[in-house]
Amino acid sequence: MGLSALFHFLLLSSLVFPAAPAISPQLLGAISFQPAGFLSLYRYMSDSTEKYGLLISSPETSVGPSGATTSTSRVAVVTDIGSKLNNLAGVTPDIVNTDVIWPNVVSKVPDEVLGGADQYIVIPNGFVDPDRRSGALVMQPLKGGDASVITPTTSEWFYNKVQWVDMNKDGTLDALTCRARRSQSSGLQSGINDPYGQYMPAYYNPPQQYGSPQQFGYLGQNGPVGQYDPSGQYNDPSGQYNDPSGQSGMPPPSDPLGVLGPYPPPNMYAPSQQISLDSVSRFGTFEGELVWYSNPQDHSLDSLWAENFVNPGPDVFFTHTKFDVGGSEKEVIITAEYFRSQFRVFWTESPNQDWSNPSLVRSRDIDRAVGTPALPGLPFGVEVHDVNKDGKDDIVLSLNDPANGGIYVYEVPDDFRTGTFTRHVIANGFSEIKALHTAGSPALFAFLPSQDSSQKPSIVVAGGDSCDLTILEPVNPTDPRDWTYWKKEILQTALSSVEGVQVADVDGDGRYEIFATAYEFGAVYVWTV
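If you use mature numbering (1 follows the signal peptide of the UniProt record, and there is no 0), the sequence shown corresponds to residues -22 to -1, 1 to 507, in order.
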């Protein structure tokens, strides 16, 4: 082959076959913190220098010999994390709170919220099962000390995230959040023989999770409990789980110490009973609400903040932002409604965008296919970012599913109230591999900017119960019309769920750091890119 022909061949190959992934993260080490849940990075100034702090939530409970549940949760901070990258194994996070039950996404409270010299973090807490349901929003001094609860704790609501927004346009930032609780309606869960409401139905789906032999766990009233399937007979695509021999009541040999607690009695799941995912999520029937709490004019933490209802339905994660409509900015709240499998955008018709009047709040579905066989999964993480670098906002959504979770991007139309949100599949095929927690995959994600600011960012995905961390790198970083991505796994724990992920240049060297948690391993891994 002549030089001219070779040149043309190489040129054609470069056009037809895109280059391989360029991102090669370097693992710097890990911070030990047991267990490691969600993460949050925050910026602050010290000696006229910008620095980063790392917040770690450690949600955990323990079950004693009597069956009583005790919270062993913690919230910790690592200040000036950028100066500690060379000795991560030597980092000991400072514990700032041990009182909350099941802390979720902890975040720094903007200084202007309280207007004082002390810095605070907000701890949304609580979880789905009975011993951890009574959550709240807790304001905690960052340097430690007594915390203040600003929401009621008596209605079994639990909270996952807070965003600070001036909701009533009085000049102060208020606490915007979603909350969820088990449905207050009485009666049996749909399709399940469970008179005490303690067994969570869809943990018996999908069928491919039932191996031979295999221990299968889910959460009940008395803490973790296990399901044993020695013959694989629960591998039942129709959703009918028959137990003629009563062997579901047998303790699994893989639990010789009995640490997983009681097991379902024989024949709990009777012949011909089906689990309906149309009316229940994988965790049972839940209700949610989009609410906000008014920041008092004196910013007092001595009493509960006034509660303001926006709309029923939103339950776990959300994001507040502004969309351009005809040259004017319109406030929106985008909700990933996990327990309802609904994906919506809310806005208010108030002239000054005051959210105080619920009758002026409007909403619409972004994608009706979410949660259907065409687009399986439960909405989880949601963020707004210009993903394809066309100068316009996009919505990024993680759909959490046992077998085929994914990351999806929606282009925002010129008028979000009436236009069509164009969906793009960035990556799918995320599947849980754990037998104990089965909470699906993927979980949350973060954006990894390109070193060239004109190019598209990558997306770093915490797999949740796929137990991995994945980088989605654009194949054509300069083409806004190309939605193909490389999928590169940089961590696979096999046994430890990966829930939290954050990205920032924390040491100011021009390279970004990736932080990710491994819950059961009790580790916060750190890479530089």
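Beta carbons: idealized from backbone N, C-alpha and C, even for Gly.
Being a predicted model, the structure only gives us computed values, none of them experimental.
Comparing alpha carbon positions, the residue from Asp485, Tyr388 and Tyr490 closest to Asp430 is Tyr490.
Taking Thr326 as reference, the option from Tyr316, Glu134, Lys308 and Gln320 with the minimal CA-CA separation is Lys308.
Nearest in C-alpha terms to Thr129, of all of Ala440, Thr57, Ala284 and Thr350, is Ala284. The bridge partners DSSP lists for Val339 are Thr326. Here the alpha carbon of Pro452 sits roughly 19 Å from the alpha carbon of Gly441. The C-alpha of Thr76 is placed about 39 Å away from the C-alpha of Tyr388.
Contact between Asp345 and Phe287 is ruled out by a C-beta separation of about 25 Å, above the 8 Å threshold. The continuous stretches of alpha helix (DSSP H) do not include Asp72, which lies in the beta strand (DSSP E) extending over residues Asp72 to Asn75. Less than 9 Å separates the beta-carbon of Leu375 from that of Phe321.
The straight-line gap separating the alpha-carbon atoms of Val360 and Val481 is approximately 16 Å.
Between the stretch 114 to 127 and the stretch 87 to 100, the count of Cβ pairs shorter than 8 Å is three or higher; the stretches touch. Contact between Pro420 and Phe408 holds, since their C-beta atoms are separated by about 5 Å, short of 8 Å. Relative to the Cα of Glu410, the nearest Cα in the group Leu268, Val476, Ala352 and Tyr386 belongs to Val476. Between the C-alpha atoms of Asp25 and Val74 there is a straight-line separation of about 23 Å. The beta-carbon distance between Ala494 and Val479, rounded to whole angstroms, is 5 Å. This is short enough to meet the 8 Å contact definition.
By the CB criterion at 9 Å, Ser18 and Ser112 fall outside the cutoff. Ser409 carries a coil assignment under DSSP once its states are collapsed to helix, strand and coil. Rounded to the nearest angstrom, the Cβ distance from Asn103 to Phe295 is 15 Å, too far for a contact under 8 Å. If the five residues before and after Asp343 are omitted, its C-beta is found closer than 8 Å to the C-beta atoms of Gln320, Phe321 and Arg322, all from its own chain and listed in chain order. In the DSSP annotation of this structure, the continuous segment of the alpha helix (DSSP H) that includes Glu90 starts and ends at Asp89 to Leu92. When the alpha-carbon of Thr456 is set against those of Gly369, Leu473, Pro380 and Asn406, the nearest one is in Gly369.
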